[in-house]
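Number 233 marks the last residue of the sequence shown (this note's numbering); no jumps. Glycine included, every Cβ here is placed at the ideal spot set by N, Cα and C. None of the values given here were measured: they were computed from a predicted structure. Notes follow the structure.
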Amino acid sequence: MSLREFSTEELIEFKGNRKGLIINVKKVTPFEQVNQSIIDRLEENVGFFYGAKIYQINCDYLTDVQMMMIEESITSKFDIEFVEEEIYDNNFETKYVDNMRSGEIIVFDGDVVVLSDMNPGSQINSTRNVVIMGNINSGAKVVANGSIVVMGEVRGFVHAGSKGNNAAYVIANSLCPKILQIADNIAEAPDDDESDSKEEKQVIPEVAFVSKERIVIESFLPKTFKNKEIYRG
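Put into structure tokens, the structure is as follows:
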């Protein structure tokens, strides 16, 4: 399907309810045009939207990371906040794990939070999201239907969106996985990535997501989204 450019009025619609402003993206067009069109509409009426709260951005085809980038663009340029709505879902639970011993396997129907490192040989299978408060060491494995967030380093195997969710992502303080998979997209670290040398290595939070059927890794810092590298499957 070929994409064409639309005027700002054709592409972006603003509505509102008592919870805040609703932005509807009405046409399918590249992310860059969607982002710029929203910014242009807000700039045209900057006085009207001063101090406003955005309740929701409706777009069926942008990824979670792209939606986060749009939010960052808006909040960095305007005095506008996003309404954070608490969602309660009684159908799922969260499992908290103090530590993951070598060889330990956890299979859980819900979110999983590990409060320490994952040792080699340990494994998690979750139907929701997984949060690791430490590192995923080489030989450890995490498979999640949703997204994976790691407060430390990833050196093992991670598979987000395991049931085919291309909007899932992996965020970590350092992404050096043996294998990184999102949905059906697979990326392997190059052979020369075995070097454990950490000389002058700057620790920068990174996010991996799917774009145009390949896995892209970008730095993930407030007000900064710079392309770092692409893992090719």
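query: Are Pro120 and Ser138 closer than 8 Å when you measure CB to CB?; result: yes
query: Is Gly16 buried or exposed, if buried means 16 or more other CB atoms sit within 10 Å of its CB?; result: exposed
query: What are the complete beta strand (DSSP E) segments, minimum 3 residues, inside the region 86–168?; result: 93–97, 105–108, 110–114, 123–126, 130–132, 141–144, 148–154 and 157–160
query: Mapping DSSP to helix, strand and coil, what is Ser76?; result: helix
query: Excluding sequence positions up to five away, which residues of its chain have a Cβ less than 8 Å from the Cβ of Ser197?; result: Low local confidence applies: a pLDDT of 47 at Ser197 is under 50, so the model's placement there is unreliable, and no value is given.
query: Report the three-state DSSP secondary structure of Arg232 (helix, strand or coil).; result: Low confidence applies to Arg232: its pLDDT is 37, below 50, so where it sits in the model is not reliable enough to give any reading.
query: Report the rounded CA-to-CA distance for Glu199 versus Asn145, giving the unit in angstroms.; result: The predicted position of Glu199 is uncertain, since its pLDDT is 49 and thus under 50; no value can be drawn from it.
query: Going along the chain, which unbroken runs of the alpha helix (DSSP H) with 4 or more residues stay wholly within the region 5–87?; result: 8–11, 31–44, 46–49 and 64–77
query: What is the C-beta distance between Met100 and Val114, in whole angstroms, given that I count them as a contact (C-beta under 8 Å)?; result: 6 Å
query: Please report the straight-line C-alpha distance between Thr63 and Ala167, rounded to a whole angstrom.; result: 5 Å
query: Of the residues Ala189, Thr29 and Ser122, which one's Cα is nearest the Cα of Cys59?; result: Thr29
query: Where does the unbroken beta strand (DSSP E) through Phe209 begin, and where does it stop?; result: Glu206 to Ser211
query: Could you give the first and the last residue of the continuous beta strand (DSSP E) run that contains Ala172?; result: Val170 to Leu175
query: Starting from Ala187, follow its DSSP beta bridges and name the residues at the other end.; result: Leu180
query: Compare the C-alpha of Asp40 against each of Ser73, Met118 and Leu21 and name the closest.; result: Ser73
query: Suppose you measure from the CA of Tyr96 to the CA of Ser7; what does that come to, to the nearest Å?; result: 49 Å
query: Taking the alpha carbon of Asn129 as the reference point, which residue from Asn165, Phe31 and Gly152 has its own alpha carbon closest?; result: Asn165
query: Around the Cβ of Gly51, are there at least 16 other Cβ atoms within 10 angstroms (buried) or fewer (exposed)?; result: exposed
query: With a threshold of 7 Å on Cβ separation, who are the neighbours of Glu93 within its own chain once the five nearest residues in sequence on each side are excluded?; result: Gly110
query: Could you round the C-beta distance between Leu42 and Phe31 to whole angstroms and report it? I think they count as a contact, below 8 Å.; result: In fact, because the Cβ distance is near 17 Å, the residues do not count as touching under 8 Å.
query: Can you give me the C-alpha to C-alpha distance between Gln56 and Glu10, rounded to a whole angstrom?; result: 19 Å
query: To the nearest whole angstrom, what separates the beta carbons of Val210 and Ile182, a pair I think is in contact under 8 Å?; result: 5 Å
query: With distance defined between alpha-carbon atoms, name the residue in Arg18, Val143, Asn35 and Lys163 nearest to Phe235.; result: Residue coverage of the chain in this structure runs from 1 to 233, which leaves residue 235 outside it and unanswerable.
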